[in-house]
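Structure record follows, encoded as structure tokens.
Pasting the structure below:
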């Protein structure tokens, strides 16, 4: 069986905070930095237990979200498409470029003026690339990334966060439209890659997607699918996981998805995460796949 996510890039939680509320998960509580660091170490330990090789790098000093390396780029082979992030995360772009270039990657920028949330909004399943647009990424940026890296793009959009009148909210910090599924890796995850005689496997939350995207996913026959409840997706970050195709590192608070994965013969590891979730990120967010 072909394994996925065999090598990932992780930074650290040394500079993590929730000072700038750039997504709906931020609240007014104070982050326990020591606990966040402990959680990050536990995630890394679980990844290592699953056989994943981790390249450890420092997080940028001047970015509260530098722990979430998944948003730094989208990498395939020796090429990395660099992210273009909200202003509060701009320091991560140069930081990521230097690191990726030091690893021998050719770094390509998306066209000027376009948003791109890296792997957070672009999940590869074999040659398919599941892309989420509308919040942290623009569709033309994802089309560019897919073309540069040779992927077949499946373009999707999740539902927006709305006010009491049903009007989509604009984030006060970023100035961008907002969603509890602002990156697609909060609504969809890659569990197994396709094989010569088998489809790939994804887990996704149908209710996280717009009607058009929900219908597209339901009709898409290129992968097998496990459905995730809206409760587990939002309250437990169920979809924000890392899978090797054999072992899944995921939320400790998503029993329905965990049971479905175990039923399919996968091993499930569940490090405890709570502080890192205050920034709207979870396990997948802390890892950028390199190979």
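Numbering (our numbering), first residue to last: 1161 to 1451. Quick reminder that beta carbons are idealized off the backbone N, C-alpha and C, glycines included.
Is residue j closer than 8 Å to residue i when the C-beta atoms are compared?
| i | j | result |
| --- | --- | --- |
| residue 1368 | residue 1396 | no |
| residue 1384 | residue 1401 | no |
| residue 1348 | residue 1276 | no |
| residue 1234 | residue 1316 | no |
| residue 1283 | residue 1330 | no |
| residue 1293 | residue 1302 | yes |
| residue 1166 | residue 1404 | yes |
| residue 1409 | residue 1429 | yes |
| residue 1375 | residue 1388 | no |
My output table needs one value for residue i: the three-state DSSP class, helix, strand or coil.
| i | result |
| --- | --- |
| residue 1270 | coil |
| residue 1216 | strand |
| residue 1350 | strand |
| residue 1254 | helix |
| residue 1435 | coil |
| residue 1168 | strand |
| residue 1182 | coil |
| residue 1321 | coil |
| residue 1327 | coil |
| residue 1453 | Outside the shown range of the chain (1161 to 1451) lies residue 1453, about which nothing can therefore be said. |
| residue 1222 | coil |
| residue 1248 | helix |
| residue 1240 | strand |
| residue 1382 | coil |
| residue 1393 | helix |
| residue 1189 | coil |
| residue 1449 | strand |
| residue 1413 | coil |
According to DSSP, what are the bridge partners of residue i?
| i | result |
| --- | --- |
| residue 1399 | The partner list for residue 1399 (beta bridge, DSSP) is empty, contrary to what the question assumes. |
| residue 1408 | 1403, 1428 |
| residue 1290 | 1283, 1314 |
| residue 1300 | Residue 1300 is not bridged to any residue. |
| residue 1309 | Its beta-bridge partners do not exist; DSSP assigns none. |
| residue 1163 | BP columns for residue 1163 are empty, so no partner. |
| residue 1235 | 1240 |
| residue 1362 | 1350, 1385 |
| residue 1337 | 1330 |
| residue 1369 | 1318 |
| residue 1276 | 1244 |
Nearest by alpha-carbon distance to residue i: which of the options is it?
| i | options | result |
| --- | --- | --- |
| residue 1451 | 1411, 1237, 1280 | 1237 |
| residue 1195 | 1443, 1448, 1432 | 1432 |
| residue 1327 | 1333, 1334, 1338 | 1338 |
| residue 1370 | 1193, 1342, 1355 | 1342 |
| residue 1218 | 1211, 1227, 1248 | 1227 |
| residue 1356 | 1286, 1436, 1420, 1394 | 1286 |
| residue 1406 | 1210, 1206, 1200, 1167 | 1210 |
| residue 1269 | 1300, 1193, 1447 | 1300 |
| residue 1382 | 1447, 1179, 1288, 1329 | 1288 |
| residue 1423 | 1411, 1447, 1409, 1386 | 1386 |
| residue 1441 | 1173, 1215, 1166, 1168 | 1173 |
| residue 1252 | 1267, 1334, 1261, 1232 | 1232 |
| residue 1439 | 1344, 1163, 1184, 1165 | 1184 |
| residue 1421 | 1364, 1435, 1437 | 1364 |
| residue 1246 | 1260, 1416, 1164, 1225 | 1225 |
| residue 1177 | 1214, 1258, 1223 | 1223 |
| residue 1257 | 1250, 1249, 1267, 1273 | 1267 |
| residue 1434 | 1175, 1200, 1179 | 1200 |
| residue 1274 | 1305, 1261, 1254, 1259 | 1305 |
| residue 1510 | 1333, 1380, 1312 | The question about residue 1510 has no answer, for the chain in this structure spans 1161 to 1451. |
Using 10 angstroms around the beta-carbon of residue i, count the other beta-carbons present and answer buried if the total reaches 16, otherwise exposed.
| i | result |
| --- | --- |
| residue 1271 | exposed |
| residue 1161 | exposed |
| residue 1241 | buried |
| residue 1352 | buried |
| residue 1324 | exposed |
| residue 1296 | buried |
| residue 1373 | buried |
| residue 1171 | buried |
| residue 1322 | exposed |
| residue 1345 | buried |
| residue 1192 | exposed |
| residue 1358 | exposed |
| residue 1206 | buried |
| residue 1298 | buried |
| residue 1265 | buried |
| residue 1216 | exposed |
| residue 1190 | exposed |
| residue 1230 | buried |
Closest Cβ-Cβ distance between residue i and chain B: below 8 Å?
| i | result |
| --- | --- |
| residue 1358 | The displayed structure is made up of one protein chain only, and chain B is not part of it. |
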